[in-house]
Structures are given as C-alpha cells and as structure tokens.
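Student:
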Amino acid sequence: MNMTELFKDQFAQLQAEDKDSKLSALREEAFSAFNKFGIPTVRHEEWKYTRIGTLFAKDYKSQVSGQVNFSAKDVDAYRLPGHEDANELVFVNGQFADKLSTIRSKDLTVLHLAEAAKNEYSEIVSKHFGHSSDYLKDGINALNTAFVKDGIFIHVKRSKIIEEPIYIYNITDAAAENILAQPRSLIYLSENAQLQIIETFATRGTEDSFTNQIMEVIVEKDARFEYCKIQNDSANASQVSTTHIRQTGTSYVNAIIVSLNGEIVRNNTNVVMEAPHCEAHLYGLYFQKGNSHIDNHTIVDNVMPHCFSNELYKGMMDENSTGVFNGKIFVRQPAQKTNAFQSNKNILLSNNASVNTKPQLEIFADDVKCSHGCTIGQLDEEGLFYLQSRGIPEKIAKSMLLVGFASDILDKINLPHIRTYVDHLVAERLGN
37 MNMTELFKDQ
47 FAQLQAEDKD
57 SKLSALREEA
67 FSAFNKFGIP
77 TVRHEEWKYT
87 RIGTLFAKDY
97 KSQVSGQVNF
107 SAKDVDAYRL
117 PGHEDANELV
127 FVNGQFADKL
137 STIRSKDLTV
147 LHLAEAAKNE
157 YSEIVSKHFG
167 HSSDYLKDGI
177 NALNTAFVKD
187 GIFIHVKRSK
197 IIEEPIYIYN
207 ITDAAAENIL
217 AQPRSLIYLS
227 ENAQLQIIET
237 FATRGTEDSF
247 TNQIMEVIVE
257 KDARFEYCKI
267 QNDSANASQV
277 STTHIRQTGT
287 SYVNAIIVSL
297 NGEIVRNNTN
307 VVMEAPHCEA
317 HLYGLYFQKG
327 NSHIDNHTIV
337 DNVMPHCFSN
347 ELYKGMMDEN
357 STGVFNGKIF
367 VRQPAQKTNA
377 FQSNKNILLS
387 NNASVNTKPQ
397 LEIFADDVKC
407 SHGCTIGQLD
417 EEGLFYLQSR
427 GIPEKIAKSM
437 LLVGFASDIL
447 DKINLPHIRT
457 YVDHLVAERL
467 GN
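Take the sequence shown: its letters are residues 37 to 468, numbered as in our numbering.
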C-alpha cells in the first residue's frame, strides 16, 4: 500500500472515531487540500533543494491507533535545565500527554484543542486555527491539519505576565517501529500579555522518526512573545517544523531557531505584521555535519505601516552536510515607513559541504527602508593564523572563531540557563 492510500484509510478511521468533534470539518477540508497538493517534489519552487518525498517512502505506525507507553521517568532524560520552575508540556508521538505535563503558572490556560474549539474559546479557534495554510500551500502543512486531534490550545489572559517559561518537549518513541508524529498547537496572547516558550525535539530508539509539527501564535496589542526552538535530534530523525506568528496588534516578537542535528530538517518561520508599529526579530543558527540537511524558510509579511523587522541567520556546515536558506520579505502597499532587514551568513568547514541561499524582497510600497544579503565562505584564514601565532593550537583557534561567529545568535537567548545549555551543545559539536 502506498502512503496516499495509507493516509486515506487512517483519515477515514480518525473521522469515524472523532466524528462529533468541532475539528472534523477542518480536517475534511485539509485532507482535500492534501490530496490536491500531494507531497512536494523538487519541481515545487519552495522545496527545490529539499527532497522531502524520500521520507514518505517509509512505513510508519498508524497515527490514530494505540496508546503511547511513556512515563514521567522516561521524560526525565529530555528535561531542560530549570524545568523545576517551568511549565512543561509533553507531546509523545505527536499526541499531547497531559498526565506527563505540568502547569505551574496560575494565569496560564492549557486545553486540548478539541475542547477549546467548543467552549468559550471557540471563536478564537475558528478565526485563527489553520491560518498558516494561507502561506504554506503544500501537502505537508495540509497533512498535519488533516490529522489534528490531540493538539493543544494555550491562552494568556489580558495583562498577565507568565513569569515561568513554557517548555515544550516533542518526544518520538521510535524504539520498535518508524513513527510519523504530528504535534499541533494554537497559542493566543491577549492584550498586554507576555509569554516565553522553549521547544525541543527528541527521538528515543533507532528506528526512523518524522515529526511534522505546526505551531500557530496570535500576539495581540502590547503583548510580548519570546520563542526559542532547539533542534538536536538523532541522525535518524527528520522534521518539518512550522512556527507561524500573527501580530494582530502592535506587539513585540523575538524568535530564535537553533538547529544542530537531524537527518532532514525543514523550518518554516513566518511572521505576519497585521498592525502598525509592530517589531519582530528572527534569529537562526545551524551547525550541521555528517549527511544532515537543514532548510530554513522564513517569511516576514509587512501588512501595515511603521513596522520594524530584523532577521539574521548564520550557518556552519561541515563534512557532507547541505543547507538551504530562503528568506522572503513582503511589504504590502499600505505598509509605508517599513524598516525590514535580512542577512544570511554561512561558513563552509568542508569541501563537501554546501549551502543554497536565496534572500528575497517583494516591495509594493514606496517609502520604506529594506535590505537583504547573503555570504558563503570559509573560516577566516588571517584570524586563524593570528591566533596560532599567539600559541593557540589550531583546533582551539578554529573553535574560538566559530564560537565568535555564532555568538551574535546565542546572545539573543534571554533565559540564562537555556543560553548555557545551548552553549554546551555548541561546544560539544566543536569537540571542546
């Protein structure tokens, strides 16, 4: 049975089991979109350098059958530093595990998405759920929505500051068989609210895992959202991870993506500025080796005037790794006085490593300040020679230069223990 037929059978099973859910109609529409778009190939411009189709040639466990056997003790191996004072949300094989999750902040609401869709939050869900599909018109995005069931809804009430960050653990249990996991979350920050989220991905076992994840975030007037995604999964783990942020009121967003390991990793990071005077910062650091492939696609859509965005992505590619950066900035006609900046810088540490980079601007307004640029090069030989001439061994000298290169991104991580944790991961990658 091919994957399309398998998904058809699994979808019919899910709809039969969950036919009374408010999400049923949304799933039906999404599955029709999946059948229309199919799995992207290299002929799809947005997937030109990422052969995602190879992942669908594998057999995966059914997405709608069986309970996941995972305990709190099992989660301990994946907890982040500072977890004792954090809100911890656990997904196992794409399903939200509320019994393994801990909510410590009294002003934080966390519900199953299906529950939120039928209570006082139903208007928010119906208005904002699935908005990412307006920007990501492909079968991968549609597939996640078609199988949404155990997603989560997070709400921060007006003027509430959540002091304790949210840690989201996406864990895939591939100890016995290949797993396709599809976590889903919808996050709503009301006016003047503040929230920090740290998200990680991990695979247990040696079988193949594929995580197709979507997070949609709505940030209202005077709200502040800070987000950090850490991808350091095993070499048998692949991901398509979408973070879609809508600034529906004048607000502040800071998003950081750190990608250190995985087989095929694709990040879609979108920021839609739907109100005047919004501010957004997007930072990315990718450090790949082996045969890993990293693909970062970003969109900053300036819909309204007087918005500011700054985007900086840096890559270090070693051994046979391959990378892609595609960054789009849209400036719509009403978005006068826009300030939008984008930069992508790459260092190739091996003759076999490669990067394809494509920064793009589409400007329909005439009173704006926008710039973009990209660089691909090797380690600074003069800097390396200088350090070695001062008695520093070559390996340490290279590490110092690479840490300096990465520090522009790492410095943007505001939680001290998470910054220290990521510093340690980078040092491990450098062999220090």
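Where is the CB? At the ideal position from N, CA and C, for every residue including glycine.
#1: Would you give the residue range spanned by the beta strand (DSSP E) that His164 belongs to?
#2: Taking the C-alpha atoms as reference points, what is the distance between His164 and Gly74?
#3: Might you give, ordered along the chain, the residues of its own chain that have their beta carbon closer than 6 Å to the beta carbon of Leu321, omitting 5 neighbours on each side?
#4: Is DSSP giving Val111 helix, strand or coil here?
#5: So, Asn129 versus Ile215, is the Cβ gap smaller than 7 Å?
#6: Mark Gly166 as exposed unless 16 or more other C-beta atoms lie within 10 angstroms of its C-beta, in which case mark it buried.
#7: Flag this pair as yes or no: are the beta carbons of Leu125 and Ile198 separated by less than 7 Å?
#8: What would DSSP say about Phe92, mapped onto helix, strand or coil?
#9: Going straight from the alpha carbon of Val336 to that of Asn375, what length do you get?
#10: Can you check which of these residues, Ala66, Glu262, Ala316 and Val301, is closest to Asp170 by C-alpha distance?
#11: Across which residues does DSSP place Phe43 in a beta bridge pair?
#12: Classify Thr239 as buried or exposed, calling it buried when 16 or more other Cβ atoms lie within 10 Å of its own Cβ.
#13: Please list the terminal residues of the continuous beta strand (DSSP E) segment that includes Met251.
#14: Within the continuous beta strand (DSSP E) that includes Val301, where are the two ends?
#15: Report the rounded CA-to-CA distance for Gln396 versus Lys257, giving the unit in angstroms.
#16: Is it the case that the Cβ atoms of Ala316 and Met340 are separated by a distance below 7 Å?
#17: Do Cys264 and Ser287 have their CB atoms nearer than 7 Å?
#18: Quick check: the segment 401-408 against the segment 419-437, are there 3 or more CB pairs under 8 Å?
#19: Could you please give the first and the last residue of the uninterrupted beta strand (DSSP E) stretch that includes Lys364?
#20: By how many angstroms is the C-alpha of Tyr85 removed from the C-alpha of Ser107?
#21: Pick out the complete beta strand (DSSP E) segments inside the segment 113-150, 3 residues or longer, and give them in chain order.
#22: Count the C-beta pairs between the segment 405-424 and the segment 365-379 that are closer than 8 Å, then say yes if the count reaches three, no if not.
#23: Report yes or no: do the segment 135-153 and the segment 237-256 share at least 3 C-beta pairs separated by less than 8 Å?
#24: Assign Gly427 to one of two classes, buried (16 or more other C-beta atoms within 10 Å of its C-beta) or exposed (fewer than that).
#25: Of the residues Leu438, Val439, Lys325 and Ile399, which one's Cα is nearest the Cα of Ser390?
#26: Counting C-beta neighbours from all protein chains within 10 Å, is the total for Val462 16 or more, i.e. buried, or is it exposed?
#27: Please tell me whether Leu179 and Phe70 are closer than 7 Å, where the distance is taken between their beta carbons.
#28: What does DSSP give as the partner residue(s) for Lys394 in the beta ladder?
#29: Could you tell me if Thr456 is buried or exposed, where buried requires 16 or more neighbouring beta carbons within 10 angstroms of its beta carbon?
#30: Less than 8 Å between the CB atoms is what I'm expecting for Phe189 and Leu222, so what's the real figure, rounded?
#31: Assuming Ile300 contacts Ser274 (C-beta within less than 8 Å), just tell me the rounded distance between them.
#32: My output table needs one value for Gln424: the three-state DSSP class, helix, strand or coil.
#33: What separation, rounded to the nearest whole angstrom, lies between the Cα atoms of Glu156 and Tyr224?
#34: Over the uninterrupted alpha helix (DSSP H) stretch that includes Glu464, give me the two end residues.
#35: Between Asp54 and Lys185, is the Cβ-Cβ spacing less than 7 Å?
Tutor: In short, the structure shows the following:
#1: Locating residue 164 in the sequence shown gives position 128, where the first residue counts as 1. No beta strand (DSSP E) holds His164; the alpha helix (DSSP H) holding it covers Ser158 to His164.
#2: By 1-based counting over the sequence shown, the position of residue 164 is 128. By 1-based counting over the sequence shown, the position of residue 74 is 38. Each residue's Cα considered, the two are about 24 Å apart.
#3: Numbered from its first residue, the sequence shown carries residue 321 at position 285. Val294, Lys350, Ala442 and Ile445, listed in sequence order.
#4: The count along the sequence shown starts at 1 and reaches residue 111 at position 75. In the structure shown, Val111 falls within a helical segment according to DSSP collapsed to helix, strand and coil.
#5: Counting from one through the sequence shown, the residue named residue 129 turns up at place 93. Counting from one through the sequence shown, the residue named residue 215 turns up at place 179. Against a cut-off of 7 Å, the Cβ pair of Ile215 and Asn129 comes out as a contact.
#6: Within the sequence shown, numbered from 1, the residue matching residue 166 stands at position 130. Burial check for Gly166: the Cβ neighbour count within 10 Å reaches 16 or more, so the residue is buried.
#7: Within the sequence shown, residue 125 is the residue found at index 89, counting from 1. Within the sequence shown, residue 198 is the residue found at index 162, counting from 1. Taking 7 Å as the Cβ cut-off, Leu125 and Ile198 do not qualify as a contacting pair.
#8: Taking the sequence shown and counting its residues from 1, one reaches residue 92 at position 56. If DSSP states are grouped into helix, strand and coil, Phe92 belongs with the helices.
#9: Looking up residue 336 in the sequence shown gives position 300. Looking up residue 375 in the sequence shown gives position 339. Spanning the two alpha carbons is a distance of roughly 11 Å.
#10: Reading the sequence shown from its first residue, position 134 is the one you call residue 170. Of the residues Ala66, Glu262, Ala316 and Val301, the one whose Cα lies closest to the Cα of Asp170 is Ala66.
#11: Taking the sequence shown and counting its residues from 1, the one referred to as residue 43 is at position 7. The partner list for Phe43 (beta bridge, DSSP) is empty, contrary to what the question assumes.
#12: What you label residue 239 is simply residue 203 of the sequence shown in a count that begins at 1. A residue is called buried once 16 or more other Cβ atoms fall within 10 Å of its Cβ, and Thr239 is buried on that count.
#13: The residue given as residue 251 occupies position 215 in the sequence shown. Where Met251 is concerned, the enclosing beta strand (DSSP E) stretches over Ser245 to Val255.
#14: Walking along the sequence shown from the start, residue 301 turns up at place 265. Where Val301 is concerned, the enclosing beta strand (DSSP E) stretches over Ile300 to Met309.
#15: Indexing the sequence shown from 1 puts residue 396 at position 360. Indexing the sequence shown from 1 puts residue 257 at position 221. Taking the straight line joining both Cα atoms gives about 28 Å.
#16: Taking the sequence shown and counting its residues from 1, one reaches residue 316 at position 280. Taking the sequence shown and counting its residues from 1, one reaches residue 340 at position 304. Taking 7 Å as the Cβ cut-off, Ala316 and Met340 do not qualify as a contacting pair.
#17: Taking the first residue of the sequence shown as 1, we reach residue 264 at position 228. Taking the first residue of the sequence shown as 1, we reach residue 287 at position 251. Contact flag unset, no.
#18: The segment 401-408, when compared against the segment 419-437, does not touch it at the 8 Å Cβ threshold.
#19: Locating residue 364 in the sequence shown gives position 328, counting from the first residue. Element bounds for Lys364: Thr358 to Val367.
#20: As a first step, residue 107 is located in the sequence shown; it is residue number 71 there, counting from the start. As a first step, residue 85 is located in the sequence shown; it is residue number 49 there, counting from the start. Separation of Ser107 and Tyr85 (C-alpha to C-alpha, rounded to the nearest whole angstrom) is 39 Å.
#21: Counting whole runs of 3 or more residues, the segment 113-150 contains the beta strand (DSSP E) stretches 123-128 and 144-148.
#22: Because the criterion of three Cβ pairs below 8 Å is met, the segment 405-424 and the segment 365-379 touch.
#23: With contact defined as three or more Cβ pairs closer than 8 Å, the segment 135-153 and the segment 237-256 are not in contact.
#24: Taking the sequence shown and counting its residues from 1, one reaches residue 427 at position 391. Taking a 10 Å sphere around the C-beta of Gly427, we find fewer than 16 other C-beta atoms and assign the residue as exposed.
#25: On the sequence shown, position 354 is the one that residue 390 refers to. Comparing Cα positions, the closest option is Lys325.
#26: If you number the sequence shown from 1, residue 462 lands on position 426. So Val462 ends up on the buried side.
#27: Position 143 of the sequence shown holds residue 179. Position 34 of the sequence shown holds residue 70. For Leu179 and Phe70, yes; Cβs fall inside 7 Å.
#28: Taking the sequence shown and counting its residues from 1, one reaches residue 394 at position 358. Partner(s): Asn362.
#29: Here residue 456 corresponds to residue number 420 of the sequence shown, with the count starting at 1. Under this definition Thr456 is an exposed residue.
#30: Looking up residue 189 in the sequence shown gives position 153. Looking up residue 222 in the sequence shown gives position 186. Indeed they touch by this definition, with Cβ atoms about 5 Å apart.
#31: In the sequence shown, counting from the first residue as 1, residue 300 sits at position 264. In the sequence shown, counting from the first residue as 1, residue 274 sits at position 238. 4 Å between Cβ atoms; contact.
#32: Counting from one through the sequence shown, the residue named residue 424 turns up at place 388. Gln424: helix per DSSP, three-state reduction.
#33: Taking the sequence shown and counting its residues from 1, one reaches residue 156 at position 120. Taking the sequence shown and counting its residues from 1, one reaches residue 224 at position 188. For Glu156 and Tyr224, the distance between alpha carbons rounds to 13 Å.
#34: Position 428 of the sequence shown, counted from the start, is the residue given in the question as residue 464. Glu464 -> alpha helix (DSSP H) spans Pro452 to Leu466.
#35: Within the sequence shown, residue 54 is the residue found at index 18, counting from 1. Within the sequence shown, residue 185 is the residue found at index 149, counting from 1. Contact flag set, yes.
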